[in-house]
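Trainee: For the sequence shown, the working numbering puts the final residue at 400, and the numbers step up evenly by one. Pasting in a structure now, in structure tokens, and then I'll have a few things to ask.
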Amino acid sequence: MRVDFRQNRQQRRRSADWTSRYQTDQDNLVDERLTESVRAKGELSRKRTVIVDEDAAPVIDKTLWQRGVVIAVHGLVCRVDDEAGGHWDCTVRRVLRTLLIDQRASVTVGDRVWFSDHSKMHDGETVGVIERVDERTTVLSRRDRRKREHAIVANADQLLIVTSIAQPALKPHLVDRYLVAAARGDLRPVICFNKCDLEPEVVEFEPGRASSAEREDEHRGAASIDDLFEEFRALGYTCLRTSATERIGLDELRRELTGHMTVLSGQSGVGKSSLINALQPGLELKVEEVSSDTEKGRHVTSHARLLGLDFGGWVVDTPGIRQFDLWSVEPGELEACFTEFVPHIRNCHFNDCHHRQEKGCAVIAAVEAGRISERRYYSYLKMLEEMAREQRK
Ligand SMILES: Nc1nc2c(ncn2[C@@H]2O[C@H](COP(=O)(O)OP(=O)(O)OP(=O)(O)O)[C@@H](O)[C@H]2O)c(=O)[nH]1
Ligand SMILES: [Mg+2]
Ligand SMILES: [Zn+2]
């Protein structure tokens, strides 16, 4: 593969007005081709050859390269943990950076990489260069103000949805939102009911609304913590009861986390940090800073960071990815994330039924027959509205 030496320098400039010129002056087309080929030659001299495999990634040199996982990114420096638990500060080889930019990707937290050891050139400091990034199994991304997508975590496989049964009160709609995010991100959700040492509060639903020209009703309701626990469990999700302070349910939680890369989610104050610290004291404090001189003191708060678990696996606790936006979800995709809707959808009269107030809607019929919970249904309607609002942003 031929790769530019410099990133983004020369966007191949095709004459935008080719077609119009072709129509007005056919003879000039030959000349146009000529000048193009001359320019292409100039480009060649600024490219180099990289041997790539079928994934368009540099061929692995196992004798010289080691495997690692990117646990933090600070500017151009990646903190990489090797398989023996060593920490490395790595830059990314320039041709790889160019390859990745071509693929609209860059190295991010969670990436599994191959890197070369450059410690000899740095007085024995564990410094390396990332030579290759393995294909990702999953990617969580956020959208910036200019609507460009940025990968924040690669290769996570679980989403731990932490809630508390009191202080703060459980928000079932928020749990539903995280469940949608998990389904969209291809992550296995695990729901944790934390603070089970406290007196459970009765949960009042945030009003879900069905608003349309024909119908305007608001759904309000309340449920006990036990009802909600059962509701989520009946939907097939793994649900745990824990207490970080009283050390209840921690073995079960540890079992769920072992060997996985788990993203933590849940509103502030539910006990995410407390749970992680109860499993592995001091874990959050043990996170080291990148030591490279050039990058000292640089922090990018939106970046995630992996915390390695003694018993195997990783957790990611990053404020920036806790509110999964729904901007990339289409109404037709949302219904598929409500697993209990799925068997009914094909019986809806209209193919493109959004299950709001359409005639012959099998989902609404299932709600009326008590086969789908009203709470979940109104939560779905509320999410449809939230999505529409986020897409207008
Ligand atoms: N009673 C009780 N309190 C808890 C439990 N877990 C956490 N807390 C308390 O809840 C408060 C918030 O806990 P954190 O672990 O900081 O919550 P967090 O989810 O990490 O919050 P953010 O980092 O702000 O998102 C602290 O005062 C904890 O002591 C629990 O199981 N039972
Ligand atoms: Mg915290
Ligand atoms: Zn329908």
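The C-beta atom is built at its ideal place from N, Cα and C for all residues, glycine as well.
In angstroms with no decimal places, state the Cα-to-Cα distance between His94 and Phe345.
Mentor: For the purposes of this step, residue 94 is taken as residue 87 along the sequence shown, with counting starting at 1. For the purposes of this step, residue 345 is taken as residue 338 along the sequence shown, with counting starting at 1. Rounded to whole angstroms, His94 to Phe345 spans 41 Å at the Cα level.
Trainee: Could you spell out the range, first to last residue, of the alpha helix (DSSP H) harbouring Val198?
Mentor: Here residue 198 refers to the residue found at position 191 when the sequence shown is read from its first residue. At residue 198 the sequence reads Ile, which differs from the Val that was named. From DSSP, Ile198 is part of no alpha helix (DSSP H) but of the beta strand (DSSP E) over Arg195 to Asn201.
Trainee: Under the three-state reduction of DSSP, which class applies to Val146: helix, strand or coil?
Mentor: What you label residue 146 is simply residue 139 of the sequence shown in a count that begins at 1. Note: Val146 maps to strand in three-state DSSP.
Trainee: Note down the Cα distance separating Glu208 from Ser113, rounded to an integer number of angstroms.
Mentor: Sequence index remark: in the sequence shown, residue 208 carries index 201 (1-based). Sequence index remark: in the sequence shown, residue 113 carries index 106 (1-based). Going by the C-alpha atoms only, they are around 45 Å apart.
Trainee: By DSSP, does Val45 sit in helix, in strand, or in coil?
Mentor: For the purposes of this step, residue 45 is taken as residue 38 along the sequence shown, with counting starting at 1. For Val45, the predicted model reports a pLDDT of 36, less than 50, meaning its position is unreliable; a value from the coordinates is still stated below. Reduced to three states, the DSSP call for Val45 is helix.
Trainee: Report the CB separation of Arg74 from Asp89 in whole angstroms; it is logged as a contact under 8 Å.
Mentor: In the sequence shown, the residue the question calls residue 74 occupies position 67. In the sequence shown, the residue the question calls residue 89 occupies position 82. Yes, they are in contact, since the Cβ atoms of Arg74 and Asp89 sit about 7 Å apart, within 8 Å.
Trainee: According to DSSP, Leu247 sits in a beta bridge with which residue or residues?
Mentor: In the sequence shown, counting from the first residue as 1, residue 247 sits at position 240. DSSP, once it has assigned bridges, lists Cys199 as partnering Leu247.
Trainee: Taking the alpha carbon of His267 as the reference point, which residue from Val84, Leu166 and Phe357 has its own alpha carbon closest?
Mentor: Locating residue 267 in the sequence shown gives position 260, counting from the first residue. Nearest C-alpha to His267: Leu166.
Trainee: Whole angstroms are fine: how far does the CA of Val323 sit from the CA of Ser123?
Mentor: As a working note, residue 123 is residue 116 in the sequence shown. As a working note, residue 323 is residue 316 in the sequence shown. The alpha-carbon atoms of Ser123 and Val323 are separated by roughly 26 Å.
Trainee: Report buried or exposed for Arg353, applying the criterion of at least 16 other Cβ atoms within 10 angstroms of its Cβ.
Mentor: Indexing the sequence shown from 1 puts residue 353 at position 346. Exposed: under 16 other Cβ atoms inside 10 Å.
Trainee: Around ligand 3, what residues have a beta-carbon under 5 Å from a heavy atom of it, in chain order?
Mentor: Answer in sequence order: Cys355, Cys360, His362, Cys368 and Val370.
Trainee: Enumerated in chain order, which unbroken segments of the alpha helix (DSSP H) with a length of 4 residues or greater are wholly contained in the region 252-281?
Mentor: Those alpha helix (DSSP H) runs which fall completely within the region 252-281 and span 4+ residues are 257-264.
Trainee: Run through DSSP, which three-state label would Gln165 get?
Mentor: As a working note, residue 165 is residue 158 in the sequence shown. In this structure, Gln165 counts as strand in the three-state DSSP scheme.
Trainee: Cutting at 7 Å between CB atoms, please list the residues of its own chain near Cys246, excluding the five before and the five after it.
Mentor: As a first step, residue 246 is located in the sequence shown; it is residue number 239 there, counting from the start. Here the set comprises Ile198, Phe200, Phe236, Phe239 and Arg240.
Trainee: For the alpha helix (DSSP H) holding Ala188, just list the boundary residues, first then last.
Mentor: Taking the sequence shown and counting its residues from 1, one reaches residue 188 at position 181. Note, Ala188: alpha helix (DSSP H), Pro179 to Gly192.
Trainee: Report the option in Asp118, His157 and Ile172 whose CA atom is closest to the CA atom of Val87.
Mentor: Here the question's residue 87 lines up with position 80 in the sequence shown. When only C-alpha atoms are compared, the closest one is Asp118.
Trainee: Quick one, are the C-beta atoms of Val134 and Ser126 less than 9 Å apart?
Mentor: Numbered from 1 along the sequence shown, position 127 holds the residue referred to as residue 134. Numbered from 1 along the sequence shown, position 119 holds the residue referred to as residue 126. Contact flag set, yes.
Trainee: Alpha carbons only, please: which of Arg399, His180 and Ile255 is nearest the one belonging to Leu205?
Mentor: As a position in the sequence shown, residue 205 is number 198, starting the count at 1. Selected option, being the one with the closest Cα: Ile255.
Trainee: Classify Ala158 as helix, strand or coil using the three-state DSSP reduction.
Mentor: Locating residue 158 in the sequence shown gives position 151, where the first residue counts as 1. In this structure, Ala158 counts as strand in the three-state DSSP scheme.
Trainee: Taking the alpha helix (DSSP H) that His81 belongs to, which residues open and close that run?
Mentor: Looking up residue 81 in the sequence shown gives position 74. Taken as a continuous stretch (DSSP letters only), His81 belongs to no alpha helix (DSSP H), being part of the beta strand (DSSP E) at Trp72 to His81.
Trainee: Could you check if Asn358 is buried or exposed, using at least 16 other CB atoms within 10 Å of its CB as the buried criterion?
Mentor: As a first step, residue 358 is located in the sequence shown; it is residue number 351 there, counting from the start. So Asn358 ends up on the exposed side.
Trainee: If you reduce the DSSP assignment to three classes, tell me which class Gly117 lands in.
Mentor: As a working note, residue 117 is residue 110 in the sequence shown. Gly117 falls in the coil class under three-state DSSP.
Trainee: Could you tell me if the beta carbon of Lys202 falls within a distance shorter than 8 Å of some heavy atom in ligand 2?
Mentor: Mapped onto the sequence shown, residue 202 falls at position 195. Every heavy atom of ligand 2 is 8 Å or more from the Cβ of Lys202, so no.
Trainee: Evaluate Glu142 with the Cβ neighbour count: other Cβ atoms within 10 Å of its Cβ, from every protein chain shown; 16 or more gives buried, anything less gives exposed.
Mentor: One-based indexing of the sequence shown puts residue 142 at position 135. Looking at its Cβ environment, which holds fewer than 16 other Cβ atoms inside 10 Å, Glu142 is exposed.
Trainee: CB of Thr269 to nearest heavy atom of ligand 1: below 8 Å?
Mentor: For this step, residue 269 is matched to residue 262 along the sequence shown. No, Cβ of Thr269 sits at least 8 Å from all heavy atoms of ligand 1.
Trainee: Between which two residues does the beta strand (DSSP E) containing Glu138 stretch?
Mentor: In the sequence shown, counting from the first residue as 1, residue 138 sits at position 131. Run containing Glu138: Val134 to Val140, per the beta strand (DSSP E) assignment.
Trainee: Check whether the Cβ of Ser280 lies closer than 8 Å to any heavy atom of ligand 2, and answer yes or no.
Mentor: The sequence position of residue 280 within the sequence shown is 273, counting from 1. Result yes, Cβ under 8 Å from ligand 2.
Trainee: Write down every uninterrupted run of the alpha helix (DSSP H) in the region 314-359 whose length is 4 residues or greater and which is fully enclosed by it, in chain order.
Mentor: Fully enclosed alpha helix (DSSP H) runs of 4 or longer: 338-344 and 349-352.
Trainee: If we cut at 9 Å on Cβ distances, does Arg383 have a partner in chain B?
Mentor: In the structure shown, chain B cannot be found, because there is only a single protein chain.
Trainee: Could you give the first and the last residue of the continuous beta strand (DSSP E) run that contains Arg399?
Mentor: What you label residue 399 is simply residue 392 of the sequence shown in a count that begins at 1. Unbroken run through Arg399 is the alpha helix (DSSP H), Glu381 to Arg399; no beta strand (DSSP E).
Trainee: Going by DSSP, what residues sit across from Arg86 in a beta bridge?
Mentor: To locate residue 86, count along the sequence shown from 1; it is residue 79. In DSSP, Arg86 forms a bridge with Ala79 and Asp96.
Trainee: My guess is that Trp121 and Ile168 are in contact by the Cβ rule of under 8 Å, so how many angstroms apart are they, rounded?
Mentor: On the sequence shown, position 114 is the one that residue 121 refers to. On the sequence shown, position 161 is the one that residue 168 refers to. Not confirmed; about 33 Å, so no contact.
Trainee: Would you report the Cα separation of Tyr387 and Arg399, rounded to the nearest angstrom?
Mentor: The residue you call residue 387 lines up with position 380 of the sequence shown. The residue you call residue 399 lines up with position 392 of the sequence shown. Using only the alpha carbons, I get a separation of about 19 Å.
Trainee: By DSSP, does Ser231 sit in helix, in strand, or in coil?
Mentor: Taking the first residue of the sequence shown as position 1, residue 231 is located at position 224. Correct three-state label for Ser231: coil.
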